[in-house]
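Residues in the sequence shown are numbered from 0 upward in steps of one, following numbering that gives the first Met the number 0. Using N, Cα and C, we set each Cβ at its ideal position, and we do this for glycine too. The next block holds one structure in the form of structure tokens; read it before the comments.
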Amino acid sequence: MCMSTARVAVASAVRRELSSEVTTATLKADTAGSRPAVSWFARRSGSILVLLALLVGLALLSLAIGSNLLPFRDVIAALQGEGTVEARRVVLDQRLPRLVLAIIVGAALAVAGALMQALTRNPLADPGILGVNAGASLAVVTAVAVIGNTSIWFYLWFALAGAALASAAVFILGGAASRHTSPSRLVLAGVAFSMAVTSFVQLVIISDQKVFNEFRFWSAGSLEFRSWSIIGAVILFIVAGLILALWSAPALNALALGDETGAALGINVKALRITVLLSITLLAGAATAAVGPIMFVGLGVPYLVRALVGPDVRWVLPLSLLAGPVFFLVADVLARVVVMPQEIQTGIMTALLGGPVFVAIIQRSTGRLLV
0 MCMSTARVAV ASAVRRELSS EVTTATLKAD TAGSRPAVSW FARRSGSILV LLALLVGLAL
60 LSLAIGSNLL PFRDVIAALQ GEGTVEARRV VLDQRLPRLV LAIIVGAALA VAGALMQALT
120 RNPLADPGIL GVNAGASLAV VTAVAVIGNT SIWFYLWFAL AGAALASAAV FILGGAASRH
180 TSPSRLVLAG VAFSMAVTSF VQLVIISDQK VFNEFRFWSA GSLEFRSWSI IGAVILFIVA
240 GLILALWSAP ALNALALGDE TGAALGINVK ALRITVLLSI TLLAGAATAA VGPIMFVGLG
300 VPYLVRALVG PDVRWVLPLS LLAGPVFFLV ADVLARVVVM PQEIQTGIMT ALLGGPVFVA
360 IIQRSTGRLL V
């Protein structure tokens, strides 16, 4: 009875401390730079409305822009099953699957990045830390070298399997299931594994010209030639990952003050870590398998969202869910416009956009350029 009372007392004290720290952080953020206090709820709600409006506008733009420009009225008519046969074919069979996949992948990568940053308590963490990109690359390279099949559908399943196996390897090496593990140990395990796998991938592609030619297009990240079948193959993995992510959000907030604090609040830290890592694997693995490695979305988007609405994971996740597709659609539209009537890979455009944006954010927040 005494032990139970003591535990309740400790948990209550920690809850008060957590509430105090969150309140203090919010007040500091609201009053920074002598600004008038602004309701966090109003700011976050407003951000959601703005992102939704941007998403709708970019979706229409994505359906209208391509090698064959279509007026918006033709796009809307095609969506309603009207208009010319050619317009319906372009919109419904080519651009609509691409749009849906861009939204799904952008959301998956951004949420996976937000989870990784919350889990490791590192604002510069990326889903690639789990070895997802390296594992998918290894699987694709090995499959092309051994089997020789180069279809997108073939890439999808091998990349998904490679991403899952790589995450499991990092999970074991980092001791994620151990009671005494730490986020830094997981990060080091992921970096070491990715370096080793990447070295092997490079060795294979420089020794086989065919593998090199096929791999360089996949590794750039692209939405070209993706059909409804690709979406159908990955959608269940991504939905499952999103459900796990949203379910984990409240517990991740408590974990922000450390594993000991989370445990004192009644959180099963080990189970939470496993759940979050599984969610990241499902999200990032399925996204990478569908379109290839994509830069910046998993790192920069949740970073910017957190800067906008604060560190509360319960808000960071849904806002990342919207901001990821918005950024990815901007990159995809620009990739089709810059060299019209041709286009460049969307993954290249995300890197071109994300690099300068991220450097500007760091420079503004620190007052100096980090190199």
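Give me, in chain order, the residues of the same chain whose beta-carbon lies closer than 7 Å to that of L91; leave out the 5 immediate sequence neighbours on both sides. One-based indexing of the sequence shown puts residue 91 at position 92. If we look at L91 and ignore the five residues flanking it on each side, its Cβ neighbours are A77.
Using the three-state DSSP reduction, which class does E259 fall into: helix, strand or coil? By 1-based counting over the sequence shown, the position of residue 259 is 260. E259: helix per DSSP, three-state reduction.
How long is the line joining the alpha carbons of A142 and A195, rounded to whole angstroms? Within the sequence shown, numbered from 1, the residue matching residue 142 stands at position 143. Within the sequence shown, numbered from 1, the residue matching residue 195 stands at position 196. Rounded to whole angstroms, A142 to A195 spans 18 Å at the Cα level.
If contacts are defined as beta-carbon pairs under 8 Å, then L172 and F199 qualify, I think. What distance do you get, rounded to the angstrom? Residue 172 sits at position 173 when you count from the first residue of the sequence shown. Residue 199 sits at position 200 when you count from the first residue of the sequence shown. The pair is not a contact, with the Cβ atoms about 16 Å apart (cut-off 8 Å).
Buried or exposed, going by whether 16 or more other CB atoms sit within 10 Å of the CB of Q429? Absent from the structure is residue 429, since the part of the chain shown begins at 0 and ends at 370.
Pick from P340, S228, G257, V358 that is closest to L377, judged by C-alpha positions: This structure cannot speak to residue 377, because the chain is shown only from 0 to 370.
Please name the residue, chosen from E342, R97, L251, T345, that lies closest to A270 on a Cα-to-Cα basis. If you number the sequence shown from 1, residue 270 lands on position 271. Checked all of E342, R97, L251, T345; the closest Cα to A270 is L251.
How long is the line joining the alpha carbons of V131 and T83, rounded to whole angstroms? The sequence position of residue 131 within the sequence shown is 132, counting from 1. The sequence position of residue 83 within the sequence shown is 84, counting from 1. Looking at the two C-alpha atoms, the distance is approximately 43 Å.
Considering only their Cβ atoms, is the gap separating P292 from G220 smaller than 9 Å? Taking the sequence shown and counting its residues from 1, one reaches residue 220 at position 221. Taking the sequence shown and counting its residues from 1, one reaches residue 292 at position 293. Cβ atoms of G220 and P292: closer than 9 Å.
In the stretch 183–267, which residue ranges form an unbroken beta strand (DSSP E) of at least 3 residues, counting only runs that do not cross its ends? none
Identity of the residue in A144, L276, W156, L241 nearest E213 by Cα: By one-based count along the sequence shown, residue 213 stands at place 214. Closest by alpha carbon: A144.
I'd like the list of long-range same chain contacts for Q116, defined as Cβ closer than 6 Å, with 5 residues on each side in sequence excluded. Locating residue 116 in the sequence shown gives position 117, where the first residue counts as 1. The answer, listed in chain order, is P122, A124, P301.
With a threshold of 8 Å (Cβ to nearest heavy atom), would P292 be considered close to the ligand ADP? Although the ligand ADP was asked about, the structure shown includes no ligands whatsoever.
When you compare each of P340, V336, A330 to G354 by their alpha carbons, which one comes out closest? Translated into the one-based positions of the sequence shown, residue 354 becomes position 355. Residue A330 is the option with its Cα nearest to G354.
Have a look at L380 and L108 and give me their C-alpha separation to the nearest angstrom. In the structure displayed, the chain extends from 0 to 370; residue 380 sits before or after that span and is not available.
Where do the N-terminal and C-terminal ends of the alpha helix (DSSP H) with T141 fall, by residue? The count along the sequence shown starts at 1 and reaches residue 141 at position 142. From DSSP, the alpha helix (DSSP H) with T141 extends over 131–145.
Give the range of the alpha helix (DSSP H) segment to which E81 is assigned. The count along the sequence shown starts at 1 and reaches residue 81 at position 82. Where E81 is concerned, there is no enclosing alpha helix (DSSP H), given that its DSSP letter is neither H nor E.
Taking the CB atoms as reference points, tell me whether A162 and A239 lie closer together than 9 Å. Position 163 of the sequence shown, counting from 1, holds the residue named residue 162. Position 240 of the sequence shown, counting from 1, holds the residue named residue 239. Not in contact: A162 and A239 (Cβ atoms no closer than 9 Å).
Under 8 Å: do the stretch 303–319 and the stretch 271–280 share three or more Cβ pairs, one atom per stretch? no
Use the C-beta contact count for I237: other C-beta atoms within 10 angstroms, 16 or more gives buried, fewer gives exposed. In the sequence shown, the residue the question calls residue 237 occupies position 238. I237 comes out buried.
Burial state of S136 (16 or more Cβ within 10 Å): By one-based count along the sequence shown, residue 136 stands at place 137. Label assigned to S136: buried.
For F295, which of helix, strand or coil comes out of DSSP? Position 296 of the sequence shown, counting from 1, holds the residue named residue 295. Note: F295 maps to coil in three-state DSSP.
On the criterion of 16 or more Cβ atoms from any shown chain inside 10 Å, does W217 qualify as buried, or is it exposed? Here residue 217 refers to the residue found at position 218 when the sequence shown is read from its first residue. Buried, because 16 or more other Cβ atoms sit within 10 Å of the Cβ of W217.
Supposed contact pair G323 and V55 - C-beta distance, whole angstroms, cut 8 Å: Along the sequence shown, read from residue 1 onward, the residue named residue 55 stands at position 56. Along the sequence shown, read from residue 1 onward, the residue named residue 323 stands at position 324. About 15 Å separates the two Cβ atoms, so there is no contact after all.
In whole angstroms, what is the alpha-carbon distance linking W227 and K209? To locate residue 227, count along the sequence shown from 1; it is residue 228. To locate residue 209, count along the sequence shown from 1; it is residue 210. Taking the straight line joining both Cα atoms gives about 28 Å.
Proximity of I242 and A253 at Cβ, strictly below 9 Å: Residue 242 sits at position 243 when you count from the first residue of the sequence shown. Residue 253 sits at position 254 when you count from the first residue of the sequence shown. No, the Cβ-Cβ distance between I242 and A253 is not below 9 Å.
With a cut-off of 8 Å on the beta carbons, I'd call L98 and L62 a contact; round off their distance for me. The count along the sequence shown starts at 1 and reaches residue 98 at position 99. The count along the sequence shown starts at 1 and reaches residue 62 at position 63. Sure, about 6 Å apart at Cβ, within 8 Å.
By alpha-carbon positions, which one of V268, Q341, A232 ends up nearest to P96? On the sequence shown, position 97 is the one that residue 96 refers to. If we check each option's Cα against that of P96, A232 comes out closest.
N-terminal and C-terminal residue of the alpha helix (DSSP H) that D125 is part of: One-based indexing of the sequence shown puts residue 125 at position 126. Element bounds for D125: n/a, residue is neither H nor E.
Reference V338, options F224, F40, S38, S66, closest by Cα: One-based indexing of the sequence shown puts residue 338 at position 339. For V338, the nearest C-alpha among the options comes from S66.
Just how far apart, CA to CA, sit L235 and V290? For the purposes of this step, residue 235 is taken as residue 236 along the sequence shown, with counting starting at 1. For the purposes of this step, residue 290 is taken as residue 291 along the sequence shown, with counting starting at 1. Rounded to whole angstroms, L235 to V290 spans 16 Å at the Cα level.
Nearest residue (CA-CA) to A244, options Y154, G174, T280: Locating residue 244 in the sequence shown gives position 245, where the first residue counts as 1. Nearest of Y154, G174, T280 to A244, Cα basis: T280.
Can you grab the Cα-Cα spacing for the pair A58 / L328, in whole Å? To locate residue 58, count along the sequence shown from 1; it is residue 59. To locate residue 328, count along the sequence shown from 1; it is residue 329. About 8 Å.
Quick one, which of V74, E223, R184, I128 has its alpha-carbon nearest T197's? Counted from its first residue, the sequence shown places residue 197 at position 198. Closest option to T197, Cα to Cα, is I128.
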